[in-house]
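Asker: Just so we're aligned, residue 0 is where the sequence shown starts under numbering that gives the first Met the number 0, counting upward by one. C-beta: ideal position from N, C-alpha, C; glycine also. All values reported here derive from a predicted model rather than from experimental measurement. Have a look at this one before I ask anything.
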Amino acid sequence: MATLDEAVRRILDGTNFASVATVRADGAPQVSVVWVKRDEDTVLFSTTAGRQKAKNLTADPRVSVSIYDLANPYESVEIRGNAELTVDEDKWLPRELSHKYLGEDPPKAEPGEVRLIVRVIPEKVIRFAPDM
Numbered sequence: 000m001a002t003l004d005e006a007v008r009r010i011l012d013g014t015n016f017a018s019v020a021t022v023r024a025d026g027a028p029q030v031s032v033v034w035v036k037r038d039e040d041t042v043l044f045s046t047t048a049g050r051q052k053a054k055n056l057t058a059d060p061r062v063s064v065s066i067y068d069l070a071n072p073y074e075s076v077e078i079r080g081n082a083e084l085t086v087d088e089d090k091w092l093p094r095e096l097s098h099k100y101l102g103e104d105p106p107k108a109e110p111g112e113v114r115l116i117v118r119v120i121p122e123k124v125i126r127f128a129p130d131m
């Protein structure tokens with residue numbers, strides 16, 4: 000597992016949006032914009048069981064996360080790795096992400112909605128910055 004340096008952690012800890020790329024069954028890429036949270040040297044995001052990215056990651060866990068610093072869009076990070084999906088029984092991650100990005104609780108979940116925690120285990124971290 001690759002580690003995240005302080006500059007990468009700072010970008011992930013900010014209210015910056017991430018683009019998550021997964022691989023569809025036909026081999027085509029699929030990209031979704033998500034909110035993210037860092038947990039040590041891993042990246043977390045939330046999705047529901049029926050979403051295409053969840054289906055893609057269940058079949059093929061390879062994932063790429065690209066995120067840039069809204070305060071300095073010339074600084075960005077790409078994290079390539081594999082995803083681990085677990086059921087979010089308490090739906091704690093959408094609450095944390097909503098508070099991080101909006102400062103409020105998320106809308107109530109749909110009845111029967113199955114929330115998943117996607118944990119990205121980094122294998123390669125590439126940082127782009129003007130000072131590099």
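#1: List the residues that DSSP assigns as beta-bridge partners of THR21.
#2: If distances are taken between C-alpha atoms only, which option among GLU88, PHE127, SER63, GLU112 comes closest to VAL33?
#3: Which residue's Cα is closest to the Cα of ARG37: PRO129, ILE120, GLY111, ASP130?
#4: With C-beta atoms as the reference, is ALA48 less than 7 Å away from VAL117?
#5: Would the region 92 to 100 count as touching the region 53 to 72 if we require 3 or more Cβ pairs under 8 Å?
#6: Where does ASP130 land, buried or exposed, given buried means 16+ other C-beta within 10 angstroms?
#7: Tell whether a beta-carbon distance below 7 Å holds between VAL30 and PHE44.
#8: What residue does the alpha helix (DSSP H) around VAL124 start on, and which one ends it?
#9: Please report how far the alpha carbon of VAL124 lies from the alpha carbon of TYR100, in whole angstroms.
#10: In chain order, what residues of the same chain have a beta carbon less than 8 Å from the beta carbon of ALA53, not counting five sequence neighbours either side?
Answerer: With the structure as the only source:
#1: GLN29
#2: SER63
#3: ILE120
#4: no
#5: no
#6: exposed
#7: no
#8: First-last for VAL124: 114 to 127, but that is the beta strand (DSSP E), not the alpha helix (DSSP H).
#9: 24 Å
#10: THR46, THR47, LEU84, LEU115, VAL117
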